[in-house]
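> Below is the structure I would like to discuss, written out as structure tokens.
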Amino acid sequence: MKRTIGILTSGGDSPGMNAAIRAVTRSALLKGFEVYGIYDGYDGLVNGRFERFERESVSDILFRGGTILGTARLPEFVEDAVQNKAIEQMEKVGMDSLIVIGGDGTYRGAGDLCKKGISCIGLPGTIDNDCPGTDYTIGFHTALNTIVECIDKLRDTSASHHRCSVVQVMGNHCGDLALYSAICCGAEIVITPEIGFNEDEVISTLKHFDETRKKRHAIVILSEKITDVDKLAKKISANTSFSGRPTVLGHIQRGGSPVPFDRLLATRMGNYAVELLANGATNRCVGVRHDDMISTPIAQALVQPKRFDLDIYSMFEKLA
Ligand code: F6P
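Positions in the sequence shown are counted from 1; adding 108 to them yields the working numbering.
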């Protein structure tokens, strides 16, 4: 019997999701599967908003940011009745497998459907790089690139005055976007959830940079959800010779055309996900480890803590 795969994107969008949708669709069609594109994540699955995809359905999307399928968060998907409704919708078109692209909430939904007999494979699509089963998530490098471009611009103005730019970046509870951008931008200080925040230390480090190193300007990169960026900038103005200026980069970090790294990663992951399904695998999520495609049981990826690279952090501190 011909197998039918549905594909959906869920949670926050990330650049490269379209490249993954393209790779899944085309690889699956080549293997003889039928493919359905599901709109607006699990919400579209539950409410039967999907359409049959052909090769041309995914033309001209490889380089586009966002997701052509739309995405949503559906907290009710934890409920048994809602999951059963999704399965009823799938049965109507003979859809027996799903490839879901998103973060941990997306994986949780797929894990639940697997328990009910649906074959599911997850792809890590989020700018946060917070999925444990992979070195990099789809979208992380594009977001990093956007942050670096923005901070390069901020540096021009900050350096022209005696200012300290305090830049808040996304990442949810993962400090990778903050740490990697701090290295790429030559920031003076990075504040991440893994290392923790001590306001007095930030002030004394900035004083040290001013008094001993005669820095004319400084950049502090702050992971979101740690402290109030406006208050921190004011505190810097009040307690150091720098004038603090807050910037929240916000959703600009999620947009834009994916960089080649993300296009390649998404394409490899999408292709690999279809191979896994074709070989009878289920309940696994795809990752890249030392440039090889790997897969991990979804349940394991959901409990495993994401590793924060302390060596990279120490290198940042040493060179700042
Ligand atoms: O998970 C991606 C992400 O952009 C996080 O970095 C951020 O905390 C969150 O989503 C923002 O969510 P929303 O788009 O719902 O405001």
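Where is the CB? At the ideal position from N, CA and C, for every residue including glycine.
The ligand F6P heavy atoms versus the CB of M125: any closer than 7 Å?
Outside the cutoff, so no.
> Check the DSSP bridge columns for S118 and list the partner residues they point to.
None; S118 has no bridge partner.
> Rounding to the nearest angstrom, what Cα-Cα distance links N306 and I334 in this structure?
Spanning the two alpha carbons is a distance of roughly 11 Å.
> To which residues does DSSP link R231 through a beta bridge?
This sequence places Leu at residue 231; Arg is not what is there. L231 pairs with I209.
> Determine, using beta carbons only, whether A346 comes closer than 8 Å to chain B.
Absent here is chain B; the protein component of the structure consists of one chain.
> Applying the 10 Å Cβ sphere with the 16-neighbour rule, what's the burial state of A326?
A326 should be labelled buried.
> Going by alpha carbons, who is nearest to C239 out of Y288, E164, K414?
For C239, the nearest C-alpha among the options comes from K414.
> Between the alpha carbons of V277 and R353, how many angstroms are there, rounded?
Near 14 Å, if we compare the C-alpha coordinates of R353 and V277.
> In angstroms with no decimal places, state the Cα-to-Cα distance between R172 and L231.
So the two alpha carbons sit approximately 18 Å from each other.
> Determine the contact status of V328 and V356, defining contact as a CB-CB distance below 8 Å.
Taking 8 Å as the Cβ cut-off, V328 and V356 do not qualify as a contacting pair.
> In the DSSP assignment, what are the bridge partners of Y144?
For Y144, which the question treats as bridged, DSSP gives the partners G114, R160.
> Can you tell me whether DSSP reads V396 as helix, strand or coil?
Correct three-state label for V396: strand.
> According to DSSP, I259 sits in a beta bridge with which residue or residues?
For I259, which the question treats as bridged, DSSP gives no partner whatsoever.
> State the beta-bridge partners of I246 as determined by DSSP.
BP columns for I246 point to G233.
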